[in-house]
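Participant: So that we are looking at the same thing, I have put the structure below in structure tokens.
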Amino acid sequence: MTFSMADMRLLTPHLVITAAALLVLLAEAVSPGRRKGYLPYLGIAGIVVAAFTTPGLFGPARSGFSGMLAGDAFAAFVYFILYAVGALTLLVSDGYLRDEGRDHAEYYALVLLALVGMMLMAGATHLMTLFLALETMSIAIYALAGFFRDERSAEASFKYFILGAFSSGFLLYGIALLYGACGTTEIQGILDAFASNRALAGSAMALAGVGLVTVGFAFKVAAVPFHMWTPDAYQGAPTSVTAFMATGVKAAAFAAVLRVFFVAFQTLHVDWSGVLWVLALLTMTVGNLTAIAQTDVKRMLAYSSIAHAGYILVGVVAGTPEAGAGILYYLLAYAFMNIGAFACLIMVGRKGHENTELDAFAGLGFKFPALGLAMSLFMFSMAGIPPTAGFIGKFLIFKAAVHQGYYWLTIFGVLNSAASVYYYLRVIVTMYFKPEPDAPVVEALRAGPSMAVATILAGLGVLYFGIVPGGLVDLAEQALRYLV
Amino acid sequence: MSHFPYLSTITFLPLLGALVLLLIPRRSEGGIRAWTLAVAAVTFVISLALWVRFDPTQGGMQFVERKAWIESLGISYYVGIDGISLWLVLLTTFLSVICVLSSWGIAKRVKEYMLFFLLLETGMLGALISLDLVLFYIFWEAMLIPMYFLIGVWGGTDRIYAAIKFFIYTMVGSLLMLVAILALYYLNIRAGNAPTFDLLKLYELNLAPNVQFWMFAAFCLAFAIKVPMWPLHTWLPDAHTQAPTAGSVILAGVLLKMGTYGFLRFAMPLFPNAVEAWAPFMMVVAVIGIIYGALVAMVQDDVKKLVAYSSVSHLGFVMLGLFALNMQGVQGGLYQSLNHGISTGALFLLVGVIYERRHTRAIADFGGLAKSMPNYAAVFLIITMSSIGLPGLNGFVGEFLIMLGAFLTSKTAAVFAATGVILAAGYMLWMVKRVFFGALDKEENQGLADLTGLEWGYLIPMVVMAFWMGIYPGTFLRKTDATLELWLERFEAKKEACRSLEAPGALAWLQDGLNLVFPASHAD
């Protein structure tokens, strides 16, 4: 196979970040003494450079490497979400890892490599690229989840690994069946095959393929009933990794879902939308109801991330470009509010003690006003209360669902949203309405400058995209125009 | 827009004031209070210009400002007021000043308190002036946040429960309304119009009666929870009893009015045929609310709770007026909304006065207060009279108009509602008797100080308003005439225009939704 410079152009951002990852590893090896505080910033520099090479990708769809990788506005939009996720994760990790005594170059390199995997997932126009990207991402994340090497971290990593491997198997089997049915694993090719041969849509092999691919993705986005790994993996992993998993993996997986379901399976909407309807409802409801019962904020956020996957699935069910644009918006909003919330969680912890039980937050709102303000903002945004980005995201997704006539799903969605208010507010209740216990759990915040910067950036993002969403909505719609 | 942007100025001035407040050091509590008062007062003064410059001959929107916001979705920053919102806006700015004064004694976290207060004012004003459904929704929801904190941090012993209940109740209703707003948006597009959330444009959309029926139900739920109408009122007594005094005043004075305002501005003109269909039901519920609220108020042993339940009863009157669907009823309903803001607001202030001195609100703890606090007793009695509708005071005008309107529509409803007036006299006067008259037999009550200068300061304006609105209602009603006439005219016209519309299959859109698996038949 040959490829041209034009192909390489599509791969520039990925190459830049891969280079940054290698550089980080190399830098530690040649660093004199133990000075390695600059490593995460090396990674961020890589992400910034990659971001500068990306805008060229906005515009009409192009594809390179013989239809393996797309260079379209859709991919570019998701890349920017991922850059935000990557940069914020590195910022959050900096002080955290040093405090925990685990600030090794491998961590930063793994984050960057996982990021490359995520980007390839978003750009993949071929199921094989998609699968390889998924594995690249996943393997890096398995390692990251176990990075603290204590019992819980190891358990998280192992659970995620076992179930992740399972889901990869499902996905791969589904891809194989699709290949059998359609004779190709190119996304456009699958679309053409289904469009030209109407009988194909009814064939057991094709439908089984679609089903297995659905299951594979459902594992990755933590849709109920394929969500069992999520709470343990999210709770046990280092908090910065949890933030990264919840936002980055979700963004990449949903980008892939959009490409596969909105393009390749476009003509089968009748078949898969009913299944996803049920999945969306279950995911929202189980996620929210279980989150209500949690007494640990980190675990609560894990369940809440399941619920958020449910809202996004509502958009997938709607299946229109409008819904796709809403999903992209939601993913970005979710990245800001979720990483922000996890950053706040890291701040209340200290070495070896995460302090993520709800009670640890009692009275913190007044004791640390900035932390209280930030955490409240993120909680309100996750609950979807204006004027925050979380509200606009939900608004766009529900708007698209109503447009397609999914009134009931939307009504279940908003009722879920109302139920979720309860547990998000409970954090605020604890922070502001309850007095600090006599023996304070949190004496001081673990807030270095990088952590503060990350939280402020996330907070500004949540507010900015909540108040002036116009430009971003247009970009997201443009991104979808070239996809479908 | 050539004129000065009055509406944006008064709406965002408190927000700006709140941001500046962040810079004032926490320790200078006097400075914080003074600054908040200044911001609220300036906002009030500017809002007076609205009153002066409002053209009473015009029924349409005035002081309109418009700016594209999210163009691709047809969402704009579109504000304006008419005779319906004018007085509610003024009531809000007026009560805000009063509330800041009444909160002078707050000692716990003054800075945050004042901060939330100013944010609340922005939220309320924004909701009252919005003419874009999304803009309205955003203010409507955002308003919850500061109120939630006011109850939750500065409230009584059960404040957490009350705050959460308040928030979630309101949220459930509003979210369902959001679905209806989105449905309305698409029905408008499907009718061949440009995508827009512009309320005035959506007024012109004629919908089939059966479609209206469900849309109205969703809007109605959101607003009826806020009003609150029986049986959705249970959050109110909790919120009221737990909220700090100023919180209760704003809650009763403005937040509840958001519900009645929502009916007048959104639910009723958008879905007139549905209103017609729902009206008998709503009138029955309103009358039940009147009587139920009054009966429950009668057996309360806590003064504040009594006032809270009296709100349920009073708001029942307002709703009865609105659903009488004639000039007298609607105008009476609107007027009674304002009255309730003044008299119930003042009652909460008065309860706050005594609570500050005695730290109890139980009726049984008092008795003979007229002897130790004669001025206080006098003011209390005046406001009580205003609340129960004594002629010459504000409550009478509103109740009279409502009764008149209700009588024209349904004699039965008017008769039953009238018992509510009698019951109101009963529970209020009985409470006054037990608190103020009889023997001053409790030792703690003997040395109580009468009203202070500050308390006079915020009570006098309320008493003046009660008299003014009672003796010369023309000042206020005149500015609402043109708007309400136009409102009714449009209501009738739209109702006629929609009557003949047959939906493509009864409840078609609902069935689409019920058809779980696939609804795409009307994708456009």
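The listed protein sequences correspond, in order, to chains L and G.
Straight run, no breaks: the first sequence in our numbering ends on number 672.
Straight run, no breaks: the second sequence in our numbering ends on number 653.
In this text, a Cβ means the ideal position worked out from N, Cα and C, and glycines have one as well.
Please read these numbers as outputs of a predicted model, since none were measured by experiment.
Is any beta-carbon of chain G found at less than 8 Å from that of L:A511?
Facilitator: no
Participant: For the segment 568-583 of chain L, enumerate the residues whose C-beta is nearer than 8 Å to any C-beta of chain G, in chain order.
Facilitator: F568, I573, P574, P575, F579, F583
Participant: Going by other Cβ atoms of all chains shown within 10 Å of its Cβ, with 16 needed for buried, is L:A353 buried or exposed?
Facilitator: Around the C-beta of L:A353, fewer than 16 other C-beta atoms lie within 10 Å, and the residue is accordingly described as exposed.
Participant: Can you name, in chain order, every residue of its own chain whose Cβ lies under 6 Å from the Cβ of L:L298, other than the five neighbours on each side?
Facilitator: A328, A331, L332
Participant: Starting from the beta carbon of L:G658, find every residue of chain G whose beta carbon is closer than 9 Å, and list them in chain order.
Facilitator: A197, W198, I199, E200, S201, L202, I204
Participant: Taking C-beta to C-beta, are L:L300 and L:A208 nearer than 8 Å?
Facilitator: yes
Participant: Could you work out which residue in L:H292, L:H496, L:G593, L:V304 is closest to L:H415 when comparing CA atoms only?
Facilitator: L:H496
Participant: Establish whether the CB of G:L643 and some CB of chain L are separated by less than 8 Å.
Facilitator: With a pLDDT of 47 at G:L643, under the threshold of 50, the modelled position of this residue cannot be trusted; read the value that follows with caution. Answer yes: the Cβ-Cβ gap between G:L643 and chain L drops below 8 Å somewhere.
Participant: I need the DSSP call for G:R195, collapsed to helix, strand or coil.
Facilitator: Here G:R195 sits in strand by DSSP.
Participant: In terms of alpha-carbon separation, which member of L:P426, L:V609, L:D380, L:N543 lies closest to L:G475?
Facilitator: Checking every option, the nearest Cα to that of L:G475 belongs to L:V609.
Participant: Residues of the segment 308-319 of chain G with a CB closer than 8 Å to any CB of chain L: list them in chain order, please.
Facilitator: V308, L311, A312, Y314, Y315
Participant: Are the beta-carbon atoms belonging to G:V218 and G:I153 less than 8 Å from one another?
Facilitator: No, the Cβ-Cβ distance between G:V218 and G:I153 is not below 8 Å.
Participant: Excluding sequence positions up to five away, which residues of its chain have a Cβ less than 7 Å from the Cβ of G:Q429?
Facilitator: L435, Y438
Participant: Return the chain-ordered ranges of every beta strand (DSSP E) run that is complete within the segment 325-392 of chain L and spans a minimum of 3 residues.
Facilitator: none
Participant: Roughly how far, in whole angstroms, is the beta-carbon of G:L150 from the beta-carbon of G:I161, given that I think they are within contact range, below 8 Å?
Facilitator: 7 Å
Participant: For L:A431 and L:G357, what's the separation of their Cα atoms in angstroms?
Facilitator: 25 Å
Participant: Less than 8 Å between CB atoms is the rule here; does G:V301 satisfy it with respect to chain L?
Facilitator: At least one C-beta of chain L is nearer than 8 Å to the C-beta of G:V301.
Participant: Can you say whether G:Q341 is buried or exposed, counting buried as having 16 or more other CB atoms within 10 angstroms of its CB?
Facilitator: Note on G:Q341: 16 or more other CB atoms within 10 angstroms of its CB, so buried under the neighbour-count rule.
Participant: Hey, out of G:L454, G:M557, G:G450, whose CA is closest to G:L519's CA?
Facilitator: Checking every option, the nearest Cα to that of G:L519 belongs to G:M557.
Participant: At the level of alpha carbons, what is the spacing between L:Y594 and L:P509?
Facilitator: 15 Å
Participant: Compile a chain-ordered list of the residues in the segment 222-241 of chain L whose CB is closer than 9 Å to at least one CB of chain G.
Facilitator: none
Participant: Please list the partners that G:G281 has in chain L, where partner means a Cβ-to-Cβ separation under 7 Å.
Facilitator: V617, Y620, F621
Participant: Could you check the C-alpha separation between L:F554 and G:I417 for me, to the nearest Å?
Facilitator: 44 Å
Participant: Grouping DSSP H, G and I as helix and E and B as strand, with all else coil, what is G:G209?
Facilitator: strand
Participant: What does the Cβ neighbour count give for G:D641, buried or exposed, with the cut at 16 atoms within 10 Å?
Facilitator: Residue placement at G:D641 cannot be trusted, given a pLDDT of 48 that sits under 50; the coordinates are not used to answer.
Participant: What first and last residue would you give for the alpha helix (DSSP H) that runs through L:L663?
Facilitator: 658-671
Participant: Output the residue ranges of the alpha helix (DSSP H) runs that lie fully inside the segment 334-390 of chain G and measure 4 residues or longer, sorted by chain position.
Facilitator: 338-355, 364-371, 374-379
Participant: Going straight from the alpha carbon of G:P503 to that of G:D579, what length do you get?
Facilitator: When rounded, the distance between both Cα atoms is 7 Å.
Participant: Going by C-alpha distance, which of G:S303, G:K330, G:L304, G:L305 is nearest G:L316?
Facilitator: G:K330
Participant: Under 8 Å Cβ-Cβ, which residues of chain L neighbour G:L304?
Facilitator: Simply V602, L603, S605, A606.
Participant: Taking 8 Å as the threshold (C-beta atoms), are L:A490 and L:Q592 in contact?
Facilitator: Cβ distance not < 8 Å, so L:Q592 and L:A490 don't count as in contact.
Participant: Please go through the same chain and pick out, in chain order, the residues whose beta-carbon is closer than 6 Å to the beta-carbon of G:F278, but skip the five residues on each side of it.
Facilitator: Beyond the five residues adjoining it in sequence on each side, G:F278 comes within less than 6 Å, by CB distance, of F245 in the same chain, given in chain order.
Participant: For G:Q187, does the count of other Cβ atoms within 10 angstroms reach 16, so buried, or fall short, so exposed?
Facilitator: exposed
Participant: At a CB-CB cut-off below 8 Å, which residues of chain L make contact with G:R288?
Facilitator: Within 8 Å Cβ-Cβ: F621.
Participant: Give the single residue among G:R563, G:G474, G:E333 whose Cα lies nearest to the Cα of G:L384.
Facilitator: G:G474
Participant: Under the three-state reduction of DSSP, which class applies to L:L516: helix, strand or coil?
Facilitator: helix
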